[in-house]
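Q: In full-length UniProt numbering, the protein residues as written are 1 to 178. This is the structure, below, for whatever I ask next.
Structural data, given as structure tokens:
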């Protein structure tokens, strides 16, 4: 069970903007649950950027009609996960970047927990939530590889900026490994 954070006991002074980047390719069947979980976050200083990678389903129309607060970016072709994420990051304004797959739902306090930890420990450059399957089991696929690769760049934003041209060097990443 995830520990609830009492908003009155938070040890942070500011609530920085979090940019939620959602790359999509024909993910219409997942969008309602995914975007409702984003909309129901207790941490509300967010922007949501939906990057469509040339879907042939009705994903963009569905998001535009049902979630008008979401910024929609349409790529003319499928740029893949990383291409979609990079497109979203370039359009983002947040101090923090959170990537989210369309087939994922967030716990209502997910972003609050992550921002709280990043604000409490400013030397941390990367964090992510525990990812669970719907049966409650931990989804750790690839997590150790991701964290191993990121250790070298997590404290060196100059290197990070050189590796990812166009990323705001003051940004830190909220990673959702899924």
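Just so you know, even glycine gets a beta-carbon here, dropped at the ideal spot from N, CA and C. Since the model is a prediction, treat every value here as computed from it, not as a measurement.
Going by Cα to Cα distance, which pick from 118, 132 and 87 is closest to residue 95?
A: Within the chain shown, numbered from 1, the residue matching residue 95 stands at position 95. The residue with the shortest Cα to Cα distance from residue 95 is 118.
Q: Taking 8 Å as the limit between beta carbons, can you name the residues of its chain near residue 53, skipping five residues before and five after?
A: Sequence index remark: in the chain shown, residue 53 carries index 53 (1-based). So the qualifying residues of the chain are 23, 24, 25, 75, 77, 78, 79, 80, 83 and 84.
Q: Any contact between the segment 44-62 and the segment 25-34? By contact I mean 3 or more CB pairs, one from each, below 8 Å.
A: Yes, since at least three Cβ pairs between the segment 44-62 and the segment 25-34 fall closer than 8 Å, the two stretches touch.
Q: Under 8 Å by Cβ, that's how I've got residue 14 and residue 49 pegged, so tell me the actual separation to the nearest angstrom.
A: Reading the chain shown from its first residue, position 14 is the one you call residue 14. Reading the chain shown from its first residue, position 49 is the one you call residue 49. That belief does not hold up - the Cβ atoms of residue 14 and residue 49 are roughly 21 Å apart, past 8 Å.
Q: Hey, out of 87, 67 and 89, whose CA is closest to residue 39's CA?
A: The residue you call residue 39 lines up with position 39 of the chain shown. Taking only the C-alpha atoms, the option nearest residue 39 is 67.
Q: Taking the C-alpha atoms as reference points, what is the distance between residue 45 and residue 137?
A: Reading the chain shown from its first residue, position 45 is the one you call residue 45. Reading the chain shown from its first residue, position 137 is the one you call residue 137. Cα to Cα, the separation comes out at about 30 Å.
Q: Whole angstroms are fine: how far does the CA of residue 106 sit from the CA of residue 115?
A: On the chain shown, position 115 is the one that residue 115 refers to. On the chain shown, position 106 is the one that residue 106 refers to. Approximately 14 Å between the Cα atoms of the pair.
Q: Starting from residue 89, trace the alpha helix (DSSP H) in both directions and tell me its first and last residue.
A: Taking the chain shown and counting its residues from 1, the one referred to as residue 89 is at position 89. 80-91 is the span of the alpha helix (DSSP H), which, as asked, contains residue 89.
Q: Nearest by alpha-carbon distance to residue 73: which of 120, 91, 58 and 42 is it?
A: Position 73 of the chain shown, counting from 1, holds the residue named residue 73. With distances taken between Cα atoms, residue 73 lies closest to 91.
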